[in-house]
Amino acid sequence: MLRIFLSLFFCLSLAAPAAADTIAKELFGYVPDASAQTAAAYGSYSKGCLAGGEQLAETGSTWQSMRLSRNRNWGHPDLVAFIERLSKKASRLKGWGGIYVGDMSQPRGGPMLTGHASHQIGLDVDIWMLPPDRLNLSARERENLSSISMRRDRGAYVNSKWTRQHMNILKAAAKDKAVARIFVFPGAKVQMCKDAKGNRDWLRKIRPWWGHHFHFHVRLNCPEGSKGCVNQAPPPPGDGCEAAESWVQDILFPPPPDNTPRTPRPEIVMADLPNQCAAVLQSR
Ligand SMILES: [Zn+2]
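Quick note: the sequence shown, position 232, residue 234 per my numbering, numbers continuous.
Here it is in structure tokens:
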């Protein structure tokens, strides 16, 4: 019922183009489906939108999308293909029968009403740290099941739930050519720096970040030849292990608090987004 109401609201709101000062999440947050356009990512991961998004199937042979009510299982076709690839690899890895897939993007990307500063152009996905027991969860189970946290001491270390299998799936993801970087809590990166054997090049793509202990976040490169998609600068050269260690030190021995008043991050309005995003909203 809510969906029908929202769709109706959305159809009515299509009649006129959005004003430049409209708060973008108030529009993108209610669009029920993808735009009828060629697939394209416009803008940057934290300021952009998605044309011609593809919906990840709710259940595949090696994955399930979680929290279906959020309607965030949409992405650029490259992202959907990546998830299928990674989940197949996972199904062959010890300890993983497949993967549980968390948030991707909204049907037309853009800023969200809740959570996530990024995930706006259909090239970001959260993968649960919880290895699936089964891949036939009902929609209700997918709302209520929780992932598991892997961290100890506010993310300085991994806890006892962390396994070699977690490193192996992160490694499999990092080795995928489409992947630009992966965000995970600092303690996990440091643990992998200790445990990785042989070629360590893949570690470069694994970047320490706040949160990210219930899931890891995979970010793809802009699709080949896509105009208007803005890549993030590549990670600095090297395996990044020293940088991760300094994150850990900052967690354990926090620097003195910075008391300068913080200005809240301003809301993203339509004028902040690439021009194409108005057309993405307007498209059928
Ligand atoms: Zn994420």
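All C-beta atoms in this analysis are idealised placements derived from N, C-alpha and C, irrespective of residue type, glycine included.
Just so it is clear, the structure is predicted and the values come from calculations on it, not from any experiment.
Under DSSP, C231 shares a beta bridge with G45.
Residue state for Q57 is assigned as strand, using DSSP reduced to three classes. Between ligand 1 and G111, a heavy atom-to-CB distance of less than 8 Å is absent.
For ligand 1, a non-hydrogen atom lies closer than 8 Å to the CB of S120.
The stretch 210-218 makes no contact with the stretch 112-122; the number of CB pairs closer than 8 Å stays below 3. If the five residues before and after R286 are omitted, its C-beta is found closer than 7 Å to the C-beta atoms of A38, all from its own chain and listed in chain order.
Between the C-alpha atoms of Y159 and I171 there is a straight-line separation of about 18 Å. In the DSSP assignment, S67 falls within the unbroken beta strand (DSSP E) covering 65-67. With a 10 Å radius around the Cβ and a threshold of 16 neighbouring Cβ atoms, A22 comes out exposed.
By the beta-carbon neighbour count (other beta carbons within 10 angstroms, threshold 16), N138 is exposed. Taken from the Cβ of H219, at least one heavy atom of ligand 1 lies inside 8 Å.
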